[in-house]
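Accompanying notes for the structure given below.
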Amino acid sequence: MKKSSGKFQYYLAVLIAILFWSSSYIITKYANTTFPPITLGAVRTIVAAAILLVIVKITGKLEKVEKGDMKYMVLAGVFGVTLYFSLQNMGIAYTTSSAAALISGGYPAIIAIMEFGIYKVAPEKKKAIGLILAIIGVYLLSTSGGGSTASNPLL
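Under this note's numbering, the first residue of the sequence shown carries the number 859, and numbering increases by one thereafter.
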């Protein structure tokens, strides 16, 4: 019984994460009416850092960062979080939140294409077909108006 109880906790945690992540686009679309996209990206990073600080204080677990790694952590925070969400916020300003959420489903395809371009690792035939279908799907989703009031969904 204990083993299945542990599985339940994992499934519950995944479900909660999915609910938070999926609501992100709707909340961002609404927040874009109040905050500029870059400001919203910075605020999101600051709020996440504050929450992380509270968790560290409660748990007492703080990893020591090597002095040479600090610059990489700062760069990752600026480019990997703040810039990413700022660009996402700008994109959501031009399309619907549902289209943005579906387009982000194409990220694995983008990563696979980058892997091919950088490391020359060719995808297997099934994966290549999946990549092509994902790109076509994102294009169709981006160009079909679908009755939305988005100002420029292709952009």
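From the three backbone atoms N, C-alpha and C, an ideal C-beta is built for every residue, glycine too.
In angstroms, rounded to a whole number, what distance separates the CA positions of residue 979 and residue 971? 9 Å
Please return the same chain residues whose Cβ sits closer than 7 Å to the Cβ of residue 923, not counting the five positions on each side in sequence. So the list reads 931, once near-sequence residues are dropped.
Quick one: grab the DSSP three-state call for residue 890. Secondary structure at residue 890: coil, using DSSP grouped into helix, strand and coil.
To the nearest angstrom, how far is it from the Cα of residue 977 to the Cα of residue 937? Going from the Cα of residue 977 to the Cα of residue 937 covers about 22 Å.
Candidates 877, 967 and 918: closest to residue 985 by CA position: 967
Which word fits residue 997, buried or exposed, when buried means at least 16 other C-beta atoms lie within 10 angstroms of its C-beta? exposed
With distances taken between CB atoms, is the gap from residue 961 to residue 999 smaller than 8 Å? yes
At the level of alpha carbons, what is the spacing between residue 945 and residue 958? 12 Å
Report the residue from 994, 940, 868 and 947 whose alpha carbon sits nearest the alpha carbon of residue 903. Residue 940 holds the alpha-carbon nearest to the alpha-carbon of residue 903 among 994, 940, 868 and 947.
Buried or exposed: residue 895, going by 16 or more other Cβ atoms within 10 Å of its Cβ? Residue 895 is buried by the Cβ-count criterion.
Once you ignore the five residues that flank residue 920 on each side, which residues in its own chain have a CB closer than 7 Å to its CB? 914
Quick check on DSSP: helix, strand or coil for residue 932? helix
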